[in-house]
Amino acid sequence: MSGFHEEIDLDCRPADVWAYVIDPRHLPEWQASAVAARQLDDGPFGLGSRVRVTRHIGNREVPMTMECIQYEPFREWAVRGVDGPVRGRFHGEITPLDEGSRTRLTMDLDFEAHGLGKVLVPLVVRRQARREFRRNEGLLRERLEEHGP
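Residue numbers for the sequence shown, in numbering that gives the first Met the number 0: 0 to 148.
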C-alpha cells in the first residue's frame with residue numbers, strides 16, 4: 000500500500016492500544032477529520048464489520064462506509080471504503096516493545112477515487128490527510144498516554 004505511512008511508539012500496553020484503536024466509537028477522538036462513527040452491525044468489531052464514518056473533507060461533511068477486510072486480534076487490522084467518491088484503505092499493525100510495556104503502532108493509508116473523487120483525492124484529500132496524519136498521532140498519544148485507554 001502506498002500513500003501515507005506512519006509509526007508511533009506509545010507508552011501503553013499493546014492490549015490497551017488495540018482495544019482503543021479498533022473501537023469505531025473512538026475514531027472522532029483521535030482522527031481530526033472524523034465527525035462521527037458507528038458500527039452498522041451487531042457484535043464486536045471484526046472481519047466483515049461495517050462502520051459508517053462521517054468525515055470533514057474540505058468544507059463538507061462526507062459520510063462513508065468502511066468494511067473490515069483483515070483482522071488478526073491484538074496484531075493487525077485493515078479496513079476499506081465501500082462507497083462514495085473517495086474510498087480509503089487503512090492498515091494498522093501493533094508491535095509490542097520493551098517486553099510488552101510499550102507499543103509501536105504502524106499505520107498505512109491510501110485512497111481510491113471514483114467519479115468526483117478523481118478530482119478530490121489529488122486536490123483536497125491527500126493534502127488534508129498529509130496534514131492530519133501527524134496531528135492524529137498526537138491526539139492518539141494524548142488519549143492513550145495521558146488519559147488512559
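Note that CB positions come from ideal geometry on N, CA and C, so glycine has one too.
- DSSP assignment within the region 14–53 yields the following whole alpha helix (DSSP H) runs of 4 residues or more, N-terminal first: 26–29.
- The C-beta distance from Arg-49 to Met-65 rounds to 7 Å, short enough to fall under 8 Å.
- The C-beta of Val-124 has 16 or more other C-beta atoms within 10 Å across all chains shown, which makes the residue buried.
- Per the DSSP secondary-structure output, Arg-79 pairs in a beta bridge with Glu-66, Arg-88.
- Counting along the chain, Leu-104 sits inside the beta strand (DSSP E) bounded by residues 101–112.
- About 5 Å separates the beta carbon of Gly-114 from that of Pro-84, a gap short enough to meet the 8 Å contact definition.
- In this structure, Glu-111 sits away from Arg-129, with a CB-CB distance that is not shorter than 8 Å.
- In this structure, the alpha-carbon of Asp-8 lies about 13 Å from that of Trp-17.
- Counted as a single uninterrupted DSSP element, the beta strand (DSSP E) harbouring Glu-6 occupies residues 3–9.
- A distance below 6 Å between beta-carbons, with the five flanking residues on each side excluded, links Leu-108 to the following residues of its chain, in chain order: Gly-2, Phe-3, Phe-89.
- Annotation for Gly-116: the continuous alpha helix (DSSP H) segment containing it runs 116–119.
- Per DSSP, Arg-130 is one residue of the alpha helix (DSSP H) stretching across 125–140.
- In the DSSP assignment, Pro-95 is bridged to Thr-102.
- Nearest to Phe-73 by alpha-carbon distance, out of Val-34, Ile-21, Gln-30, is Ile-21.
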